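*Asks:* In terms of the numbering used here, the sequence shown has 618 at position 414, counting the first letter as 1, and numbering is strictly consecutive.
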Amino acid sequence: MFSKLLFSFCGLSLIYSAKAQNISYARFVIDTLCSPYMAGRGGPDEGEKKAAHYIASEFKKLELNPLGDNYLQPFIYPLNIFNGKISMYADDKLLEPGVDFLINPSSASIKGTFDLVWYNKNNVPNKKTLYKLAKKNFFTNKLIVLDLFKAEENKKDFDFLLENPMGASGIILLKQNKLTWGKSTSCKTFASIDMKAEVLPLHTKKITLDIENTFLEKFESRNIVGYLKGAEVPDSFLVFTAHYDHLGKMGHSVYFPGANDNASGVAMLLNLAEYFSKTPHRYSTVFIAFGGEEAGLLGSAAFVQQPLIPLNKIKFLINFDITGTGDEGVTVVNATLHEKEFLKMQEINSLNKYLKQVKKRGPAANSDHYFFAKNGVPCFYIYTMGGLSAYHDIYDRPETLPLTKFEDYFRLIRDFCLSF
Numbered sequence: 205m206f207s208k209l210l211f212s213f214c215g216l217s218l219i220y221s222a223k224a225q226n227i228s229y230a231r232f233v234i235d236t237l238c239s240p241y242m243a244g245r246g247g248p249d250e251g252e253k254k255a256a257h258y259i260a261s262e263f264k265k266l267e268l269n270p271l272g273d274n275y276l277q278p279f280i281y282p283l284n285i286f287n288g289k290i291s292m293y294a295d296d297k298l299l300e301p302g303v304d305f306l307i308n309p310s311s312a313s314i315k316g317t318f319d320l321v322w323y324n325k326n327n328v329p330n331k332k333t334l335y336k337l338a339k340k341n342f343f344t345n346k347l348i349v350l351d352l353f354k355a356e357e358n359k360k361d362f363d364f365l366l367e368n369p370m371g372a373s374g375i376i377l378l379k380q381n382k383l384t385w386g387k388s389t390s391c392k393t394f395a396s397i398d399m400k401a402e403v404l405p406l407h408t409k410k411i412t413l414d415i416e417n418t419f420l421e422k423f424e425s426r427n428i429v430g431y432l433k434g435a436e437v438p439d440s441f442l443v444f445t446a447h448y449d450h451l452g453k454m455g456h457s458v459y460f461p462g463a464n465d466n467a468s469g470v471a472m473l474l475n476l477a478e479y480f481s482k483t484p485h486r487y488s489t490v491f492i493a494f495g496g497e498e499a500g501l502l503g504s505a506a507f508v509q510q511p512l513i514p515l516n517k518i519k520f521l522i523n524f525d526i527t528g529t530g531d532e533g534v535t536v537v538n539a540t541l542h543e544k545e546f547l548k549m550q551e552i553n554s555l556n557k558y559l560k561q562v563k564k565r566g567p568a569a570n571s572d573h574y575f576f577a578k579n580g581v582p583c584f585y586i587y588t589m590g591g592l593s594a595y596h597d598i599y600d601r602p603e604t605l606p607l608t609k610f611e612d613y614f615r616l617i618r619d620f621c622l623s624f
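(1) Over the uninterrupted beta strand (DSSP E) stretch that includes residue 486, give me the two end residues.
(2) Give the range of the alpha helix (DSSP H) segment to which residue 262 is assigned.
(3) Which of the three DSSP states is assigned to residue 555 in this structure?
(4) Could you compute how far the alpha carbon of residue 366 sits from the alpha carbon of residue 550?
(5) Where does residue 208 land, buried or exposed, given buried means 16+ other C-beta within 10 angstroms?
(6) Mind the definition here: the segment 518-530 touches the segment 285-305 only if three or more C-beta pairs lie below 8 Å; say whether that holds.
(7) Check this for me: beta carbons of residue 607 and residue 528, under 9 Å apart or not?
(8) Would you be able to state if there are at least three C-beta pairs under 8 Å between the segment 578-587 and the segment 447-460?
(9) With a Cβ-Cβ cutoff of 9 Å, do residue 271 and residue 429 count as a contact?
(10) Just curious, the beta strand (DSSP E) that residue 230 is in, first and last residue?
(11) Under three-state DSSP, which class holds residue 480?
(12) Going by Cα to Cα distance, which pick from 347, 378, 343 and 364 is closest to residue 353?
(13) Using a Cβ-Cβ cut-off of 9 Å, state whether residue 241 counts as contacting chain C.
(14) Identify every run of the alpha helix (DSSP H) within the segment 305-340, keeping only runs that are complete inside it and at least 4 residues long; order them along the chain.
(15) Do three or more CB pairs link the segment 526-546 to the segment 510-517 at distances below 8 Å?
(16) In this structure, how does DSSP classify residue 567 when only helix, strand and coil are distinguished?
(17) Just checking my contact of residue 395 with residue 370 at CB under 8 Å: how many whole Å lie between their CB atoms?
(18) Could you round the C-beta distance between residue 320 and residue 336 to whole angstroms and report it? I think they count as a contact, below 8 Å.
(19) Which runs of the beta strand (DSSP E) spanning at least 3 residues fall entirely within the segment 413-485, listed in chain order?
(20) Whose C-beta lies closer than 8 Å to the C-beta of residue 487 among residues of the same chain, with five residues either side of it excluded?
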């Protein structure tokens, strides 16, 4: 099945390969990576593995060279996934996963019907009282519902409760704002759920849950790495990176497409690979699609620990993570560390009027550039601003991703790289 679908992807991508600087190719890549077949590019249904092999096939068509026997650099990490049943009832009302609630990424399995214990900023017992109640088995077969709204002054008390020292069957954390999901490399001993406050009224008596998790002690991920030999100085490198993994699935039917985060970044990576395959840079150009980013920058950490090129030979690295809008320009992380390069990028943008602004930001450990920067590699992490609020939720979809300034953003990066 995978081989047939991959052949279909490959055949279509050949149509677009000649237009890779054109937005059509970007759309095609994003649609492919966000398809139900890719299952959110996470652990369940081999979504991340399918995405990795698709990107490797694109590298091959673009005639990138592998830095080894093939394009894949495998690594292993623990991962908690939800590839089984997911259902939740508030009294007799069936709630919608992904919309009304999200399972905490580190949650354990749970099944049954449970009474509720409600705590908010006004009625949180002190630790002594909680322990007394726990000794009397007050929390046995119960779920603790925590309402954190306007509870900043009680934050320490709530943080304590979130660890469930009382031994309740689970914790439900009510949220006033949007629900966002993630990945976890660990698993709690109890169930943990984030829920929209509006869907759980105070008169709710019981909650019925059926949640299945699987903790994978050795989940196999992989980076995809290819390069093009430089025309003049092949032993020095410009490096382009983007993570391709996303959050995967929650249960059988809910998946997180991850269009802006970060199918869009992979689309930019492949656009640049296509460009430099036809117009070789004086330096060798390296293209890396990282796995494991959503679990804690694990793919980039693995690469830095076992680099396939000398890190001290990297002239500059640019990491793409969220490139799908651009209405308000871009933000450049590490701009304060590399003022000369940042001013060069601003100058190129001002001269050509590509983007509304190129905004300066200092260092941050918020994407795959981080471990390179920590090891002395000059690098930027650049992300687009404006346009969308969908992030780490089921609404980050390709059909609503505008790619407003994708082409001008590409031109800015191209011109910046040609200045080296």
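Glycine included, every Cβ here is placed at the ideal spot set by N, Cα and C.
Note that the structure is predicted; figures quoted are calculated from it, not measured.
*Replies:* Taking the geometry as given:
(1) Indexing the sequence shown from 1 puts residue 486 at position 282. Looking at the DSSP string, residue 486 is not in any beta strand (DSSP E), and its letter there is neither H nor E.
(2) Here residue 262 refers to the residue found at position 58 when the sequence shown is read from its first residue. From DSSP, the alpha helix (DSSP H) with residue 262 extends over 251-265.
(3) Working through the sequence shown from its first residue, we reach residue 555 at position 351. Helix.
(4) Working through the sequence shown from its first residue, we reach residue 366 at position 162. Working through the sequence shown from its first residue, we reach residue 550 at position 346. Their backbone Cα atoms lie some 45 Å apart in a straight line.
(5) Position 4 of the sequence shown, counted from the start, is the residue given in the question as residue 208. Interpretation of residue 208 is limited by its pLDDT of 41, a score under 50 that renders its predicted location unreliable; the figure taken from the coordinates is listed afterwards. Around the beta carbon of residue 208, a 10 Å sphere encloses fewer than 16 other beta carbons of the protein chains shown; the residue is thus reported as exposed.
(6) Touching, no.
(7) The residue you call residue 607 lines up with position 403 of the sequence shown. The residue you call residue 528 lines up with position 324 of the sequence shown. Cβ distance < 9 Å, so residue 607 and residue 528 count as in contact.
(8) Contact between the segment 447-460 and the segment 578-587 is absent, because fewer than three Cβ pairs lie under 8 Å.
(9) Counting from 1 along the sequence shown, the entry for residue 271 is found at position 67. Counting from 1 along the sequence shown, the entry for residue 429 is found at position 225. Result yes, Cβ atoms of residue 271 and residue 429 sit closer than 9 Å.
(10) Numbered from its first residue, the sequence shown carries residue 230 at position 26. Counting along the chain, residue 230 sits inside no beta strand (DSSP E); it lies in the alpha helix (DSSP H) bounded by residues 227-237.
(11) Walking along the sequence shown from the start, residue 480 turns up at place 276. Here residue 480 sits in helix by DSSP.
(12) For the purposes of this step, residue 353 is identified with residue 149 of the sequence shown, where counting begins at 1. For the residues 347, 378, 343 and 364, the minimum Cα distance to residue 353 belongs to 378.
(13) Protein chains in the displayed structure number just one, and chain C is not present.
(14) The alpha helix (DSSP H) runs lying completely inside the segment 305-340 and spanning 4 residues or more are 331-339, given in chain order.
(15) Touching, no, given that fewer than three Cβ pairs across the two stretches are closer than 8 Å.
(16) Position 363 of the sequence shown holds residue 567. Residue 567 falls in the coil class under three-state DSSP.
(17) Within the sequence shown, the letter at position 191 stands for residue 395. Within the sequence shown, the letter at position 166 stands for residue 370. About 14 Å separates the two Cβ atoms, so there is no contact after all.
(18) Residue numbering aside, residue 320 sits at position 116 when the sequence shown is read from its first letter. Residue numbering aside, residue 336 sits at position 132 when the sequence shown is read from its first letter. In fact, because the Cβ distance is near 20 Å, the residues do not count as touching under 8 Å.
(19) 418-432 and 437-447
(20) Within the sequence shown, residue 487 is the residue found at index 283, counting from 1. Around residue 487: 434, 436, 437, 438, 440, 441, 442, 519 and 624.
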